[in-house]
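Reading through the structure tokens given below for one structure.
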Amino acid sequence: MARMPEGRRGADWGTVAADRRLDAPAFHRNHRPIGEVLRRHLRDTAGHLIEIGSGTGQHAAALAPLFPALTWWPTDVVPEHLESIEAWRRTSGADALMPPVMLDAASADWGLGQPGRPPCEALVAMLAFNVIHIAPWAVAQGLLAGAGRWLQPGGRLFLYGPFARDGVHTAPSNAAFDASLRSQNPDWGVRDLADVEAVAKVAGLRLKAVEPMPANNLTVVFAMPSPP
Ligand SMILES: C[S@@+](CC[C@H](N)C(=O)[O-])C[C@H]1O[C@@H](n2cnc3c(N)ncnc32)[C@H](O)[C@@H]1O
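Numbers given in our numbering equal positions in the sequence shown, counted from 1, plus 2.
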């Protein structure tokens, strides 16, 4: 197995079981509020959904069964994470949760439409939970470009995590988290929503909603406009 790139997984992730399932403590605190937001925005939606940076795979396993009309494609770039996602998938019993796919959001070619990978059509949603601040800015740029390229009209991109607003952290805990991220890797850091929105706009996405979440996080929802 390839060596895991340093720092990509959460520092506090543990192993749950011999089948290589990983456990992220934050998942237990955030999956219900995230599920509620997705339920409000995706209630009547059918089609394909790509989750970028699925990590342990716990969100996919817990949330995919709530959306049986969505074919859920979990992805990541770290082999150990792909193993954990597959192990959680086997426990979930969700028929429409697909095997995990290696996908680097920063790359220009996501390989969509190839065998065993998400299709190019009917992509109604993309998700990235806790990804763009724990990855270089190029990952946010690639993610937004990919969403603009592949989401069908009316499709949604959901970004969950901490955000600064107009150059200001929204809480002391987010400022401390930002400093800690940057000390681990100078290319990481809490992103400013205005910077994210500017790149999203170039990609053809419109800011649809900013949902306040527990622990000073946000879920930011972008939409691909429908033709008039
Ligand atoms: C902090 S973890 C969040 C995992 C999960 N979404 C969660 O909220 O628990 C960030 C994830 O992004 C993934 N990641 C980092 N760089 C990436 C890239 N270029 N493309 C796709 N995923 C990436 C990491 O491997 C890791 O699984």
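For each residue, glycine too, the CB sits at the ideal point set by N, CA and C.
Fair warning: this is a prediction, and the values are worked out from it, not measured in the lab.
Of the residues the options, the one placed nearest residue i, counting alpha carbons only
i      : options                        : result
Gln60  : Leu44, Ser228, Asp46, Arg22    : Arg22
Asp194 : Glu85, Trp90, Asn176           : Asn176
Ala89  : Pro102, Val80, Val126, Asp97   : Pro102
Ile136 : Asp168, Gly118, Val80, Gly191  : Gly191
Ala108 : Thr77, Met100, Cys122, Thr93   : Thr77
Pro117 : Val126, Met104, Ala110, Met128 : Met104
Ala26  : Val170, Ile134, Ser86          : Ser86
Leu159 : Leu207, Pro81, Met215          : Leu207
Ile2   : Phe29, His30, Gly115           : Outside the shown range of the chain (3 to 230) lies residue 2, about which nothing can therefore be said.
Glu38  : Glu213, Thr172, Ala225, Asp106 : Glu213
Ile134 : Met226, Leu220, Pro81          : Leu220
Whether residue i touches residue j by CB criterion (7 Å)
i      : j      : result
Ala71  : Ala48  : yes
Ala130 : Gly16  : no
Asp168 : Ala196 : yes
His50  : Leu161 : no
Ala127 : Ser94  : no
Leu99  : Arg92  : no
His83  : Gly57  : yes
Ala205 : Ala147 : yes
Through-space distance from residue j to residue i, alpha-carbon basis
i      : j      : result
Phe165 : Val222 : 9 Å
Ala217 : Ile36  : 12 Å
Leu145 : Arg184 : 21 Å
Pro2   : Lys203 : A question about residue 2 goes unanswered here, because the residues of the chain that appear run from 3 up to 230.
Arg5   : Arg42  : Residue confidence is low: Arg5 scores 28 on pLDDT, short of 50, so the model does not pin down where it sits. Its coordinate-derived value is still stated next. Rounded to the nearest angstrom, the two C-alpha atoms are 39 Å apart.
Asn32  : Ser228 : 31 Å
Pro155 : Trp75  : 19 Å
Cys122 : Asp46  : 21 Å
Val79  : Leu44  : 26 Å
Thr73  : Ala181 : 37 Å
Trp139 : Val198 : 10 Å
Leu24  : Pro230 : 45 Å
Ala28  : Asn132 : 10 Å
Gly150 : Phe224 : 10 Å
DSSP bridge partner residues for residue i (one or two, in chain order)
i      : result
Thr17  : Leu24
Phe131 : Tyr162
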